[in-house]
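Residue numbers (our numbering): 436 to 751.
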């Protein structure tokens, strides 16, 4: 066979493999709804476990029935607390779908902060922008009905943690919850919630984008656990390498799952449940919700970087 023929065959094989990969990422994996479970030793010694369901980045549009059904079924887990770290919306008419998806979860204790895609709709973007650190002018889409969503959440009893410090009673424990507005939009004002609260049984920090400046604030104030989203886990991950980008200031190793931030604080970043309508692909990073079981700290010093998590999934 000639050299030209060999090159042509290789080019055709590469194109075929690329098309198959795109088809899998767009048609299968982005709907491979997955429940990630992790155990985090953040409670005082002797405390009984507390279960938190962490939801983030639904990016819901009308008609996403499979996603709505799967999220609604999570109510069967009966978590003690539900945390939502934003980017629920991807369409002006998505609020009813979000409320249907959350369903009976709205009857459980809950708290939330919003992300950029609760405030503004998605816009078409060059995918290459995600491969470099953002430094250019950000273009916002049309305003979304975030005030309607906030009103519905609050009507059901969920706490808006944006720039407030709230004290909740959850399963007989006092839980201090504080949050910031989306750092990705530079709307965070951590000094508004700064301060140490040694009397609470558990201290939770909420942020949509896990920017180091915000995580440093929570760690300095002695928060036990910070919950965030935004990264989509990288959305495209390479086996043996992990996330290609994080779309924020944290390193790639923290793009999803649990890790330490300082000597005391744990960080959990959800890979989220959706994608932008203009980038509807996931690879080696299925959409997820996280069930976090908080347990007592060991009496000896725990020097591990994080707690391994296990994921179980199914195509909806």
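Note that the Cβ used here is the ideal one computed from N, Cα and C, for glycine as well. Since we're looking at a predicted model, the values are computed, not measured.
For this session: Indicate the three-state DSSP secondary structure (helix, strand or coil) for residue 452 in the structure shown.
Result: Reliability of the predicted coordinates at residue 452 is poor, the pLDDT of 35 falling under 50, and no value is obtained from them.
Problem set entry | Candidates 584, 629 and 494: closest to residue 598 by CA position | For residue 598, the nearest C-alpha among the options comes from 629.
Problem set entry | Alpha-carbon to alpha-carbon, residue 725 and residue 732 | Approximately 20 angstroms, taken between the alpha carbons.
Exercise. Bridge partners of residue 614, per DSSP?
Worked result: Residue pairing from DSSP places residue 614 in a beta bridge opposite 597 and 641.
Exercise. Who are residue 545's beta bridge partners in DSSP?
Worked result: Residue 545 pairs with 517.
Problem set entry | Nearest-angstrom Cα separation, counted from residue 707 out to residue 690 | C-alpha separation (whole angstroms): 11 angstroms.
Problem set entry | Supposed contact pair residue 643 and residue 665 - C-beta distance, whole angstroms, cut 8 angstroms | Yes, residue 665 and residue 643 are in contact; Cβ-Cβ is about 5 angstroms, under 8 angstroms.
For this session: Look at the Cβ atom of residue 649, then the Cβ atom of residue 476, and state whether they are nearer than 8 angstroms.
Result: No, these two residues do not count as a Cβ contact at 8 angstroms.
Problem set entry | Nearest-angstrom Cβ-Cβ length linking residue 494 and residue 711, presumed shorter than 8 angstroms | At roughly 6 angstroms, the Cβ-Cβ gap stays under 8 angstroms, so residue 494 and residue 711 are in contact.
Exercise. Hey, residue 548 and residue 656: beta-carbon distance below 8 angstroms or not?
Worked result: At the C-beta level, residue 548 and residue 656 stay beyond 8 angstroms of one another.
Exercise. For the putative contact between residue 546 and residue 507, defined by C-beta atoms under 8 angstroms, what is the C-beta separation to the nearest angstrom?
Worked result: Contact between residue 546 and residue 507 is ruled out by a C-beta separation of about 20 angstroms, above the 8 angstroms threshold.
Exercise. Would you call the segment 676-684 and the segment 506-520 in contact, with 3 or more CB pairs under 8 angstroms?
Worked result: The segment 676-684 vs the segment 506-520: no contact.
Exercise. Would residue 600 pass as a contact of residue 589 if the rule is Cβ separation under 8 angstroms?
Worked result: Inclusion of residue 600 and residue 589 in the CB contact set at 8 angstroms is not warranted, their separation being larger than that value.
Exercise. So is residue 450 buried or exposed if we call it buried at 16+ other beta carbons inside 10 Å?
Worked result: Low confidence applies to residue 450: its pLDDT is 35, below 50, so where it sits in the model is not reliable, and the reading given next is rough at best. Label assigned to residue 450: exposed.
For this session: Out of 734, 704, 717 and 715, point me to the one whose CA is closest to residue 491's CA.
Result: The shortest Cα separation from residue 491 among 734, 704, 717 and 715 belongs to 704.
Exercise. Straight-line CA distance for residue 593 to residue 604?
Worked result: Residue 593 and residue 604: Cα-Cα distance of roughly 12 angstroms.
Problem set entry | Own chain residues within Cβ distance below 8 angstroms of residue 734, not counting five before or after | Hits under 8 angstroms: 480.
For this session: State the DSSP-derived secondary structure class of residue 631, mapped to helix, strand or coil.
Result: In the structure shown, residue 631 sits in coil (DSSP, three-state: anything other than H, G, I, E or B).
Exercise. Roughly how many angstroms separate the alpha carbons of residue 558 and residue 522, rounded to a whole number?
Worked result: Distance between the alpha carbons of residue 558 and residue 522: 14 angstroms.
For this session: Compare the Cα-Cα distances from residue 697 to each of 658, 687 and 489 and report the closest residue.
Result: For the residues 658, 687 and 489, the minimum Cα distance to residue 697 belongs to 658.
For this session: Grab the span of the beta strand (DSSP E) containing residue 696 for me, first residue to last.
Result: Its beta strand (DSSP E) spans residues 692-696.
Problem set entry | Unbroken alpha helix (DSSP H) run spanning residue 584, endpoints | Segment 581-590, the alpha helix (DSSP H) holding residue 584.
Exercise. Roughly how many angstroms separate the alpha carbons of residue 460 and residue 519, rounded to a whole number?
Worked result: In this prediction, residue 460 scores a pLDDT of 49, lower than 50, which makes its location untrustworthy; no coordinate-derived value is stated.
Exercise. With DSSP run on the structure shown, which of helix, strand or coil describes residue 669?
Worked result: In the structure shown, residue 669 sits in a helix (DSSP, three-state: H, G or I).
For this session: Go through its chain and collect everything with a Cβ distance to residue 540's Cβ below 6 angstroms, but skip five positions before and after it.
Result: Its chain contains 510 and 517 as the residues whose beta carbon lies nearer than 6 angstroms to that of residue 540, once the 5 sequence neighbours on both sides are disregarded; these appear in chain order.
For this session: Classify residue 701 as buried or exposed, calling it buried when 16 or more other Cβ atoms lie within 10 Å of its own Cβ.
Result: Residue 701 counts as buried, since at least 16 other C-beta atoms from the protein chains shown sit within 10 angstroms of its C-beta.
For this session: Please report how far the alpha carbon of residue 626 lies from the alpha carbon of residue 676, in whole angstroms.
Result: If you draw a straight line from the Cα of residue 626 to the Cα of residue 676, it is about 36 angstroms long.
For this session: Measure the alpha-carbon distance for residue 687 versus residue 646 and round it to whole angstroms.
Result: Near 13 angstroms, if we compare the C-alpha coordinates of residue 646 and residue 687.
Exercise. Mind checking residue 502: buried by the 16 CB within 10 Å criterion, or exposed?
Worked result: Buried.
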